[in-house]
Every structure is written in structure tokens, then in C-alpha cells.
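Visitor:
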Amino acid sequence: MSKKNTKRIFRLALIVASISSLFFVPWLLVKAWILPIPSTIQEQLDEAIEHGFDGMVVYINKAGQPAQYFASGWHDRETKIPAKPQALFKIASISKLYDAVAVTKLISDGLLSLDKKITDYLPELVGRIEHADKITLRMMIQHRSGIPNFTNAPNFWEAPTETYEESLALILDKPANFEPDENYEYCNTNYLIINKIMDDVLGYGNFHFIQERILMPLNLNNTFASLNDVNIDDVMSGYHVGHPFDLKADEHGMLATAEDVGVFLRALNEGAVFEEGEQEIYSSIYEYEHAGWVPGYQSFAKYHKDLDVVVIQFYSTTDPKLYNWNLSEIVNNRIIEILSR
108 MSKKNTKRIF RLALIVASIS SLFFVPWLLV KAWILPIPST IQEQLDEAIE HGFDGMVVYI
168 NKAGQPAQYF ASGWHDRETK IPAKPQALFK IASISKLYDA VAVTKLISDG LLSLDKKITD
228 YLPELVGRIE HADKITLRMM IQHRSGIPNF TNAPNFWEAP TETYEESLAL ILDKPANFEP
288 DENYEYCNTN YLIINKIMDD VLGYGNFHFI QERILMPLNL NNTFASLNDV NIDDVMSGYH
348 VGHPFDLKAD EHGMLATAED VGVFLRALNE GAVFEEGEQE IYSSIYEYEH AGWVPGYQSF
408 AKYHKDLDVV VIQFYSTTDP KLYNWNLSEI VNNRIIEILS R
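In the numbering used here, the protein residues as written are 108 to 448.
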């Protein structure tokens, strides 16, 4: 076969695959939504694996009842190790809840102020971040700064940055997305800068502060700052559709077990994580639930007040078009429906 014909066949295959995906993926979402809801949570997890997730872990903490642990699929697909309820997982942006609590405690300690500007803490950013002299710590915590999001840089996830300096360089001298406090836009740069500010006022890495003031009082011994602090075999593998390799070894910040996240989330919502006066500060600046996404890992941490139940859900498969994100939200809702019965 000639090279010309081979290229034509390859292009045709891509077109067919693209057209097929338009029909297949939405139908999968519809199917996941309309299927009869199983009678047990374990059955729902097993069904989610049939929809295409490689692995899933769920932790449920209902007031007055023993905690429940569920897992389905693979902990490691290549070596055929089954999913483990106590696996470590990359919690991605769920870590912002811990950051916001740490900021709250530093405000209570008098080391930070919500009304101080970026330039009060990082004067070197004058003229490098638009409106840096107007953007307050409060605006950054609440994603109302207008600073561009460094993870939105072209091809970012193909070669993620590894340091504060590399990440910040992606947005320096860029125009603001909006005037400070005039809009809302979720932005990882806000928390990149917040973490730098915390490091500077403490004089050491702020995760040590999180350990001393948040994790240790709650006996959370399975929450870690990075892959450098754990046994890699304890980390659940992560897979991204279209990428041939396990993404477990890629560094993306905090890791924790579902149980540790669940215990923290209940303490956050019930106020046990706070000292006197801190909860009022926290409630004025941030939320009480969160989700997270990095390639291969998506996670959800939510307290359902009407049921008095904390539910943590980990999924070890992502995709470029976020169909799996939509699918996981459907599964999440079905689990809550089972709990509501």
C-alpha cells in the first residue's frame, strides 16, 4: 500500500472515530443516568467500573454509624492489583480546603491579614502581575483576583511545571482577566501565591504548619505533601484516556486516603478543626466542600447536611474532554440516592 493511501486511511479512521465518539460518549452518560439504581453502594461502584473507570474508592462517614469503605476496579491495572479502600490518592484541588484552614489560623495568629495586598507580601511582583497593588489575600482565597490561571497555559498538562518560579513565570506580565473583586474565576495561581506567602511569613514550608495545626490534632497520619513522602506502591494508579502509561509517578501535590479526607471534612464542617474565633473567619472566606482534578485522578469531598453524612469519592481515570467528570457526578448522585433510601 502506498504512503499516500495509508495517510488517507489514517485520516478516515480519525474522522470515523471522532464521529463515533459524538454518539458513544453522550449515550454512555444517558445510560449511566437512566439505569435502575442498584440496591447497594458496592454494586454502584462495580457498575461505574463497567462504564470505563479503571478504579474507584468511596468512604462514607454517617453520624452515629461505623465508617464504610468501598473499592472496585484496579489499584494497579498492569499488575492486576485490586483497588484498595486505604490507597493513597492525589487529591488535587481538595488541598485548597487545607490551605484555607491554614490561612485562617495564620490570620487568627496575627501573621496574615485578609485585607493586605499581594505587594505587601511579595513586593517583587509590582508591575509583574496586573493590579498586584489592589489584589488582597481575601480576593485570592475567593478566586476573585482576576489573575490568569497558570494551569490554563497551552499544553500545560503535557509538561507540568515543578516549582513556584516555573509556575508563576507562565502568568507574569500577562493582562488580568478582570478587575480585582469584579468577577469570579477559579484560578490555581491564587493558591500558588497564597502558599508562597504562607511559606514566607512562617519561614518554613507551610505543610509542616498544616501537619502541626490540622493533621496531628485530628490524628490524620495518612495525608502527605508529595510523592516524596510516601511508598509509591501505596498510591493508586491513575490513567488518562489516550495516554498509554500509568500516571502514578507524576508529582501533583497532596496525597491522602479517602478516610483521612473524610475525617478532615467532618471536622471542617462541624468546626472541630478550628480554635476559638477561627470558624467565623473561615466561613467568611471559603467553602466547606471541594473537588479535585489532575490527569489520572478526580476526587470529590462533600458533606450532605440533610443526611449528616460525609462522602469521599475517588476515580482513577480522566479524559481530555471531561466526559468522565460528568460520568462521575452521575455516579456520585446515585450513591447519595442509595444512602437516602
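All C-beta atoms, glycine included, are put in the ideal place defined by N, C-alpha and C.
I believe S202 touches E385 by the beta-carbon criterion, under 8 Å. Please report the beta-carbon distance rounded to the nearest angstrom.
Guide: About 19 Å separates the two Cβ atoms, so there is no contact after all.
Visitor: Tell me the residue span of the beta strand (DSSP E) that contains F407.
Guide: Its beta strand (DSSP E) spans residues Y404 to H411.
Visitor: Distance, Cα to Cα, D357 vs I248?
Guide: Their Cα atoms are separated by approximately 26 Å.
Visitor: For the 8 Å Cβ check, are there 3 or more pairs between the stretch 140-158 and the stretch 323-338?
Guide: Judged by Cβ distances under 8 Å, the stretch 140-158 makes no contact with the stretch 323-338, as fewer than three pairs qualify.
Visitor: D183 lies in the beta strand (DSSP E); which residues open and close that run?
Guide: First-last of the beta strand (DSSP E) with D183: Q175 to D183.
Visitor: Which of the three DSSP states, helix, strand or coil, is assigned to H315?
Guide: Correct three-state label for H315: helix.
Visitor: Straight-line CA distance for G162 to T364?
Guide: Straight-line Cα distance between these residues: approximately 14 Å.
Visitor: Pull up the distance between the alpha-carbon of N439 and that of T226, whole angstroms please.
Guide: Their backbone Cα atoms lie some 42 Å apart in a straight line.
Visitor: Could you check the C-alpha separation between H182 and M343 for me, to the nearest Å?
Guide: So the two alpha carbons sit approximately 5 Å from each other.
Visitor: Return the first residue and the last residue of the alpha helix (DSSP H) that G369 is part of.
Guide: Per DSSP, G369 belongs to the alpha helix (DSSP H) from A365 to E377.
Visitor: Can you give the beta carbon distance from P189 to Y176, rounded, assuming they're within the 8 Å contact cut?
Guide: So it is not a contact: roughly 13 Å between Cβ atoms.
Visitor: Taking the alpha helix (DSSP H) that M247 belongs to, which residues open and close that run?
Guide: L244 to I248 is the extent of the alpha helix (DSSP H) around M247.
Visitor: What distance in whole Å lies between the Cβ atoms of I445 and I144, which are believed to be in contact at a cut-off of 8 Å?
Guide: About 6 Å; that satisfies the 8 Å criterion.
Visitor: Classify E273 as buried or exposed, calling it buried when 16 or more other Cβ atoms lie within 10 Å of its own Cβ.
Guide: Looking at its Cβ environment, which holds fewer than 16 other Cβ atoms inside 10 Å, E273 is exposed.
Visitor: Quick check: what's the CA-CA separation for V164 versus T424?
Guide: Answer to the nearest angstrom: the Cα atoms are 12 Å apart.
Visitor: Please state if the CB of E237 and the CB of A283 are separated by a distance shorter than 8 Å.
Guide: The answer is yes: Cβ separation under 8 Å.
Visitor: So what does DSSP say about T330, is it helix, strand or coil?
Guide: T330 falls in the strand class under three-state DSSP.
Visitor: Helix, strand or coil: how does DSSP classify V233 here?
Guide: Of the three classes helix, strand and coil, the one that applies to V233 here is coil, per DSSP.
Visitor: Where do the N-terminal and C-terminal ends of the beta strand (DSSP E) with V342 fall, by residue?
Guide: No beta strand (DSSP E) contains V342, which DSSP labels as neither H nor E.
Visitor: Hey, out of Q172, E150 and R184, whose CA is closest to P351's CA?
Guide: Residue R184 is the option with its Cα nearest to P351.
Visitor: Could you give the DSSP three-state label for A139: helix, strand or coil?
Guide: Note: A139 maps to helix in three-state DSSP.
Visitor: How close, in whole Å, do the beta carbons of A408 and V368 come, if the pair is a contact with beta carbons under 8 Å?
Guide: A408 to V368, Cβ: 5 Å. Contact.
Visitor: Can you tell me where the alpha helix (DSSP H) with N168 in it begins and where it stops?
Guide: Not the alpha helix (DSSP H): N168 falls in the beta strand (DSSP E), residues G162 to K169.
Visitor: Which residue from F160, E150 and S146 puts its Cα closest to that of W432?
Guide: Out of F160, E150 and S146, F160 has the C-alpha closest to the C-alpha of W432.
Visitor: In angstroms, rounded to a whole number, what distance separates the CA positions of T243 and E394?
Guide: So the alpha carbons of these two residues sit roughly 18 Å apart.
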